[in-house]
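Taking it in order: structure first as structure tokens, then the write-up.
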Amino acid sequence: MTFTRRQFLQSAAALAVLPHSARASSSDLIAQTAMQQIAPNGFPQTPVWSYGGGVPGAEIRLPQGARVQRRLVNELPQPTTVHWHGIRIDNAMDGVPGLTQDVIAPGEGFDYDFVVPDAGTYWYHAHNRSVEQVARGLYGPLIVEEATGPDVDQDLTLMLDDWRLDPDTGHIVEDFDNGHDQSHAGRLGNLISVNGQFDPVFPARRHERLRLRLINASNARIYDLALDGVAGWIVALDGMPLESPLEVEDGFPLAPAQRADLIVDVTAESDTVAGLISRERDGGFGLVRFPVSGNSATTARSGVVPLPANPLAQVVLDGAPVHRMTLQGGAMRWLESAQLGDTQLSGRELAQLGRFWALNGYAERPLDPFLDAQRGSAHRIEFVNETAFPHAMHLHGHHFRLILPDGSLGPWRDTVLVERGQTREIVLVADNPGDWLLHCHMLGHAASGMMSWFRVT
Ligand SMILES: [Cu+2]
1 MTFTRRQFLQ SAAALAVLPH SARASSSDLI AQTAMQQIAP NGFPQTPVWS YGGGVPGAEI
61 RLPQGARVQR RLVNELPQPT TVHWHGIRID NAMDGVPGLT QDVIAPGEGF DYDFVVPDAG
121 TYWYHAHNRS VEQVARGLYG PLIVEEATGP DVDQDLTLML DDWRLDPDTG HIVEDFDNGH
181 DQSHAGRLGN LISVNGQFDP VFPARRHERL RLRLINASNA RIYDLALDGV AGWIVALDGM
241 PLESPLEVED GFPLAPAQRA DLIVDVTAES DTVAGLISRE RDGGFGLVRF PVSGNSATTA
301 RSGVVPLPAN PLAQVVLDGA PVHRMTLQGG AMRWLESAQL GDTQLSGREL AQLGRFWALN
361 GYAERPLDPF LDAQRGSAHR IEFVNETAFP HAMHLHGHHF RLILPDGSLG PWRDTVLVER
421 GQTREIVLVA DNPGDWLLHC HMLGHAASGM MSWFRVT
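In the numbering used here, the protein residues as written are 1 to 457.
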């Protein structure tokens, strides 16, 4: 009798060969398979990969300045790592295979141990074969509480994901390396979940004030979100408070990996249903329902105060050098050629290797860093999108500020959406030493060429 690799891991390795140090304890984060009702009731359950047996993984919630200590135990049939997205983290804990750590093989473990310097809404997710592992459900919220939080009645974490499911079996369609997806907009699903559920319900009362922590865990979907029956402000983006909260008047975008914290008041009448809406070209649909019953004990509040600022660097634009990063390739703008390591290949050769995109002429993470920065120095990065698709560019280990078209400083972010044909400029204060990834967070784009890195010493 022959065992498949998976059967072997599930029987022998998981039960007997698993080293003692990799066994579960209360502070373990166990990457494991599970079954979950992702599709609406009546459809079959979905086999997922999860942290701890459910998608999303358990919310890690702790005070600003506290320490996260989790032993990742890999019970999956594939090597993995965990990236703590948006945390200005110790480089050795950043979870990037081949750059900050080795992969964690099946049956093995890794101790993550770091401090969270900033309050806000963050998340953790797999960073090895992310295009598959995140699509299978390997993500969870990481919430860092302010010493004095805002006055709200409910604090709701809402993690958005889209899934590509076979409706007959409930199984995830396993075409993670589909070249058509990768060379176009990325892997888009046929079912959207919030907190791993289809169309979840959160009861509310009229005049209640809610904090909504929106996290986009989708592989590639950019949401155009709108509110119905609740009204309020965006108070933070990618975890970082806005100096002036932004009133939500219309829709707002949420690209892959981005977060938005909203403070909203329930304005809908009792016995109606408020909600969060995903706007689409053909009208859109509800993502989350807030059935409203009765009135809150409190009367409607007015206005909102900014969240307390995080301890970020002062940004001085004067004298900061400009570095251009050109986003190249993809369908309709096919690469003529690009480099893999120190080899120049034609677009056709690259496509045969599943590489469709390039950053500054490199169709994978280059040998040398895109930017070699002295610790504490400021750098402008100009993302020039020559492709026919939008990209969500993410820097590890740092937040940066957008530079607005009038030259003034915009919000702090860790992931910036660069629309097709657009140029967006950011300024980075490179104050966290180490080797840091810089990549597109459309995970199929990252897997097929949009990967770079920078060094801070
Ligand atoms: Cu992209």
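Don't be surprised by glycine CBs; every beta carbon is placed ideally from N, CA and C.
Here the structure is a predicted model, which is why all the values come from computation and not from measurement.
Indicate whether G434 and G410 have their beta-carbon atoms separated by less than 8 Å.
no
Would you decide whether A58 is buried or exposed? Buried here means 16 or more other CB atoms lie within 10 Å of its CB.
exposed
State the Cα-Cα distance for the pair M450 and N91, rounded to the nearest angstrom.
21 Å
With V292 and A268 assumed to form a contact (beta carbons below 8 Å), what rounded beta-carbon distance in angstroms separates them?
5 Å
Quick one: what's P63 bridged to in DSSP?
E145
Among the residues of its own chain, which have a CB less than 7 Å from the CB of A24, if the five just before and after it don't count?
Its pLDDT being 49, under 50, A24 is placed unreliably in this model, and the value from its coordinates should be taken loosely. The answer, listed in chain order, is I30, V73.
Can you tell me whether DSSP reads S278 as helix, strand or coil?
strand
Measure the C-alpha to C-alpha separation of V55 and R164 and round it to an integer number of angstroms.
15 Å
With ligand 1 as the reference, list in chain order each residue whose Cβ lies under 6 Å from any of its heavy atoms.
H391, C440, M442, H445, M450
Please classify D250 as buried or exposed, where buried requires at least 16 other C-beta atoms within 10 Å of its C-beta.
exposed
Nearest to L404 by alpha carbon, out of A388, T387, Q422?
Taking L404 as reference, the option from A388, T387, Q422 with the minimal CA-CA separation is Q422.
Residues near D111 in its chain [Cβ-Cβ closer than 7 Å; skip 5 each side]
R71
As assigned by DSSP and simplified to three states, the class of A22
Here the model assigns A22 a pLDDT of 43, short of 50, so the residue's position is not dependable and the matter cannot be decided.
Sequence-distant residues of its chain with Cβ nearer than 6 Å to F389 (five each side left out):
A185, G330, R420
Please give me, in chain order, every unbroken run of the alpha helix (DSSP H) with length at least 4 that falls completely inside the stretch 332 to 410.
Along the stretch 332 to 410, the alpha helix (DSSP H) occurs as fully enclosed runs of 4 or more residues at 347 to 352, listed in sequence order.
Contact check, A135 vs R187, beta carbons under 8 Å:
Result yes, Cβ atoms of A135 and R187 sit closer than 8 Å.
What are the partner residues of N216, as DSSP defines its beta bridges?
L160
On the CB-based measure, 16 or more other CB atoms within 10 Å of its CB, does L242 come out buried or exposed?
buried
Indicate whether A217 and L287 have their beta-carbon atoms separated by less than 8 Å.
no
For the candidate residues A126, I277, Q64, I104, whose alpha-carbon lies nearest to that of F114?
Residue Q64 is the option with its Cα nearest to F114.
Assign V311 to buried or exposed, taking buried as 16 or more other Cβ atoms, counted over all protein chains shown, within 10 Å of its Cβ.
Reading off the sequence, residue 311 comes out as Pro, not Val. Its Cβ having fewer than 16 others within 10 Å, P311 is exposed.
DSSP on V131, reduced to helix/strand/coil?
Of the three classes helix, strand and coil, the one that applies to V131 here is helix, per DSSP.
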